[in-house]
Amino acid sequence: MRRKSGVPASPLPQRHGVDPVRLRLPVTGSWPTARAYLLERYAPAVGAERVEEMLDGGEFTAQDGPVGADRPYRPGEYLWFHRELPAEVPVPFPVEVLHRDDRLVIADKPHFLATTPRGRHVAETALARLRRDLGLPRLSPAHRLDRLTAGLVMFVVDPRHRGAYQGLFEQRLVRKEYEAVARFDPDLPLPRTVRSRIVKERGELASREVPGEPNAESRIELLDRHGSLARYRLHPHTGRTHQLRLHMAACGLPILGDPLYPEVLAEPAPDDFRHPLQLLARTLEFTDPVTGVRQLFHSRRELAAATAPQEWDAP
Numbered sequence: 002m003r004r005k006s007g008v009p010a011s012p013l014p015q016r017h018g019v020d021p022v023r024l025r026l027p028v029t030g031s032w033p034t035a036r037a038y039l040l041e042r043y044a045p046a047v048g049a050e051r052v053e054e055m056l057d058g059g060e061f062t063a064q065d066g067p068v069g070a071d072r073p074y075r076p077g078e079y080l081w082f083h084r085e086l087p088a089e090v091p092v093p094f095p096v097e098v099l100h101r102d103d104r105l106v107i108a109d110k111p112h113f114l115a116t117t118p119r120g121r122h123v124a125e126t127a128l129a130r131l132r133r134d135l136g137l138p139r140l141s142p143a144h145r146l147d148r149l150t151a152g153l154v155m156f157v158v159d160p161r162h163r164g165a166y167q168g169l170f171e172q173r174l175v176r177k178e179y180e181a182v183a184r185f186d187p188d189l190p191l192p193r194t195v196r197s198r199i200v201k202e203r204g205e206l207a208s209r210e211v212p213g214e215p216n217a218e219s220r221i222e223l224l225d226r227h228g229s230l231a232r233y234r235l236h237p238h239t240g241r242t243h244q245l246r247l248h249m250a251a252c253g254l255p256i257l258g259d260p261l262y263p264e265v266l267a268e269p270a271p272d273d274f275r276h277p278l279q280l281l282a283r284t285l286e287f288t289d290p291v292t293g294v295r296q297l298f299h300s301r302r303e304l305a306a307a308t309a310p311q312e313w314d315a316p
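Counting with the working numbering, you get residues 2 to 316 for the letters of the sequence shown.
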């Protein structure tokens, strides 16, 4: 990952493809030792005994080595440690690598696998898996895909190039095409462009549409019909959280397997991999900012509700 100016490199290696936690001691404070600060900060969460164990075991590390119990408090100093990884149910589907060179990895992510570590999904993420499997500890994402969405994700191999590839998405220079399966509505005119203002509040699971200047735009096209269901091509012209899922639901076409739209449902058990969200990031097309070469990638995955609806709907 690119380091901020003035931030030293971690003295600890990754563990299971996950970076160590970096913390900076407050510039202002009256703690006599680093131990006193660490106890005040972390004891409420993990217990004073656990913090003492980590100190005794040399698990807190500074640039010059493990942090001892009597180390003086040094305002602004950086410390690192490995967090205890949560118990995770393995996602039983592989991450397929469609392209790899000295700058990029294009991965074809399965449903149920988060792109990057967050919350209770840490080691069971596409980023951690690829770092481990490909031996690329500095691999970083150029963008993110929802955990429940399958398909193409771009990762950057060399941190020097991360800004250039992230900029493609920030400047909307990547053509992204998705596919989704939802009910067929013969009365809904298609294709259509949906524009709305979407907000996502911290702590809330679902995004919502609110009055105001639109900040999200999606193009919805009908690809083909399968009885009462249909397969749709979706073009997001912006990248708001859950934009396609929310816009499809707003059109009366909630995507099959969606636990959030049009209403938040009870979350399935962690080991329940049935009925995946029928949304797939099918295509990424862009001009490589380093080489100037036009690149086009297609997911090899298929949406089960379109290819085998009875199998997808099985209990």
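By construction, the Cβ of each residue, glycine as well, lies at the ideal position given by its N, Cα and C atoms.
1) His17 by DSSP, collapsed to three states: which one?
2) Could you check how far apart the C-beta atoms of Ala306 and Val175 are, in whole angstroms? I think they sit under 8 angstroms.
3) Restricting to Cα atoms, I'd like to know which of Met249, Phe185 and Gln244 is closest to Arg226.
4) Runs of 3 residues minimum, wholly inside the segment 76–112: which ones carry the beta strand (DSSP E) assignment?
5) What's the C-alpha gap between Pro310 and His276?
6) When you compare the CB positions of Phe61 and Val92, do they come within less than 8 angstroms of one another, or not?
7) For the segment 118–189, list the beta strand (DSSP E) runs that are entirely contained and at least 3 residues long, ordered along the chain.
8) Where does Tyr74 sit, in a helix, a strand or coil, going by DSSP?
9) Quick check on Pro67: does DSSP put it in helix, strand or coil?
10) Tell me whether Asp225 sits in a helix, a strand or coil according to DSSP, three-state version.
11) How many angstroms separate the CA atom of Ala37 from the CA atom of Glu202?
12) Under DSSP, the beta strand (DSSP E) around Thr194 begins and ends at which residues?
13) Determine the DSSP secondary structure at Arg220, reduced to helix, strand or coil.
14) When DSSP labels each residue in this structure, what does Thr308 get in the three-state scheme?
So, from the listed chains and residues:
1) coil
2) Not quite, the Cβ-Cβ distance comes to about 26 angstroms (not below 8 angstroms), so this is no contact.
3) Phe185
4) 79–82, 97–101 and 105–110
5) 10 angstroms
6) Contact: no.
7) 151–157 and 176–184
8) coil
9) strand
10) strand
11) C-alpha separation (whole angstroms): 35 angstroms.
12) Arg193 to Val200
13) strand
14) helix
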